[in-house]
Amino acid sequence: MNGEQIKNKIPQIRSALFLTGLFLEVLFVLIDKSRLSNPYTGVCFRATFLLFLTAMLLEEHSKKEWILMVAVLLFTFFCYRWTGKNDLLRVAVFVFASKTVPLRKSLLLLFQETLAGCLVIVFLSLTGLFGERSVTPVFRTGGEMQTRYSLGFGHPNALHCMFYMLLLMGMYLYDDRMKLYHYLLLLVANGGVYALTNSRTSFLLGILSVLFAMLLHYRRRAWMYAAGAVLVLIDGAFSVECAYMSFLWRGLPGSPFFIRADQVLNGRIANLYYGTEAHAGYIESWSLFSSPRANEYFDMGWVRFFYWYGIIPGILAVLLILYLLYRCQQERDFQALMLVVSCCTYTVIEAHLVSVYIGRNFCLLFIGAYCLGARGQAKGKVKVLPGDEGKAPIDRISRREE
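Just so you know, we're using this note's numbering here: the sequence shown kicks off at 1 and counts up by one.
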């Protein structure tokens, strides 16, 4: 095999490395959701990191791309050395590597593997081979004991959460085939899962996401992107205010709005302050780049992100999402708007997407495709001519198919 043949195979090798790493990352998520014990999580993450790093380095990059990559990797490496958390560094390498594979191909793999894994977990639970079918503790403050079905996922909220994630990915992937009755069936399915789990957050956001997707499918307007960006900013601002107001307990003087919001959110706001002795989540526990001691778990994903990784990384994450929405507007990808805004709103209440598990956050694939790829690449509109196979997407812009 001569040098030219090897060079022609590099794109295939790149794609295989990234997809293998993605497959493993999703597998780790399924293992975690099933409550199986994995004592080698750190080793597994290092293995996928090497796969993504190799895929990233095998891609040909322009000078501008190299400057961006080095800057981002240095910043995330600094965050890793400062806090001891390597999550941002792993995510950065994953995102840079993800643009080597078409968005739809990567997302379809993630969707199909997640769906198959969830069905296996449910099957094992229903047959009694592994996992609990239901739990009957006291749910919600002041509530009574009730039976809620988890079907192998450890907690009913986790079951409905995974259904919601599959719902979002499915509506995006199959948008061109969707009819009105499909959306109605999804609403019915969401209600059926709610009957099992009694999980209000995923149920209500599931309804809103389906209606939003249906609206964008039949009636698309450019102003909707601006509305989505405003909603993302509101999500962030509300989360910051919740972290500040979390010391307000029921019965104490304070904002009636946030006390009522805390009741609606089942004590999530107050838990930021009162859930741990260190008041993890309260805004005074935040710092510019976080600290090694910031390792507590709680709901409210945006607050967790600022607490775990720091104020500056949190602000940069919000700006990156706004830029992602801008790129979605350029590409006229309305369903991506639905998906990203839904995930941002869901993260206000739940922290599923703020995790050490990369395979949970499929929005990262959109960042790689839209924020790093050439215009038109994410939706497969870039014409790759002979001799361009090894070139970075940014170098193909001038030869884009009209």
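Glycine included, each C-beta is placed from N, C-alpha and C at the ideal position. Here the structure is a predicted model, which means the values were calculated and not measured.
Under the three-state DSSP convention, the category residue i falls into
i    : result
S255 : coil
V135 : strand
M178 : coil
R148 : strand
H217 : helix
N271 : helix
Y194 : helix
G373 : coil
P39  : coil
L129 : coil
A227 : helix
G281 : coil
S202 : helix
A294 : coil
E59  : coil
F247 : coil
P393 : Interpretation of P393 is limited by its pLDDT of 40, a score under 50 that renders its predicted location unreliable; no figure is taken from the coordinates.
S239 : helix
A189 : helix
S398 : Reliability fails at S398, whose pLDDT of 32 lies under 50, so the model's placement of it is uncertain and no value is given.
L320 : helix
N266 : coil
S287 : coil
S15  : helix
F153 : coil
Closest by C-alpha distance to residue i, when choosing among the options
i    : options                   : result
R304 : I31, F130, V348 and F212  : V348
I312 : F23, L288 and D235        : L288
N361 : L216, M145 and F111       : F111
I358 : T345, L88 and E60         : L88
A226 : L173, R14, Y80 and Q329   : Q329
G281 : Y326, A351 and L316       : A351
V101 : M56, W66, M145 and Y309   : M56
M224 : H182, N295, T197 and L325 : L325
I283 : G314, L216, N86 and Q5    : G314
F23  : I6, K105 and Q5           : K105
S209 : V340, S291 and V240       : V340
I146 : G192, L320, T197 and L73  : Looking at the sequence shown, residue 146 is not Ile but Gln. The candidate whose alpha carbon is nearest that of Q146 is T197.
I207 : L216, Y218, V188 and S37  : V188
Run of the alpha helix (DSSP H) containing residue i, from where it starts to where it stops
i    : result
Y172 : P156 to L173
Y309 : G301 to Y309
C343 : F334 to I349
Y357 : Neither: Y357 is in no alpha helix (DSSP H) and is coded neither H nor E.
K105 : L103 to L126
K63  : K63 to T83
L364 : C363 to F366
S98  : D87 to S98
Cβ-Cβ distance between residue i and residue j below 9 Å
i    : j    : result
A213 : M178 : yes
Y307 : A237 : no
C419 : L168 : Nothing about residue 419 can be read from this structure; the chain reaches only from 1 to 402.
R332 : R221 : no
L363 : Y323 : At residue 363 the sequence reads Cys, which differs from the Leu that was named. For C363 and Y323, no; Cβs fall outside 9 Å.
E113 : L205 : no
F334 : L103 : no
T41  : V356 : yes
S98  : G368 : yes
L115 : G131 : no
L53  : V93  : yes
A270 : S246 : yes
S202 : N157 : yes
G117 : R35  : no
E25  : T48  : yes
K33  : M171 : no
R260 : M300 : no
A317 : E296 : no
F298 : T276 : yes
H160 : Y181 : no
S465 : Y273 : The structure shown has nothing for residue 465, since the chain only spans 1 to 402.
L107 : L173 : yes
Assumed close pair residue i, residue j - CB separation to whole angstroms, cut-off 8 Å
i    : j    : result
D235 : W286 : So it is not a contact: roughly 17 Å between Cβ atoms.
L231 : T83  : No, L231 and T83 are not in contact; Cβ-Cβ is about 29 Å, not under 8 Å.
L51  : L27  : No, L51 and L27 are not in contact; Cβ-Cβ is about 13 Å, not under 8 Å.
G405 : L109 : No answer is possible for residue 405: the residues shown for the chain start at 1 and end at 402.
F426 : R90  : This structure cannot speak to residue 426, because the chain is shown only from 1 to 402.
R148 : S125 : Rounded, the Cβ-Cβ distance is 13 Å, inconsistent with contact.
I121 : L58  : Incorrect: roughly 35 Å between the Cβ atoms, too far for contact.
H217 : D175 : 6 Å
Any C-beta of chain D under 9 Å from that of residue i
i   : result
L27 : Absent from the structure is chain D; it holds one protein chain and no more.
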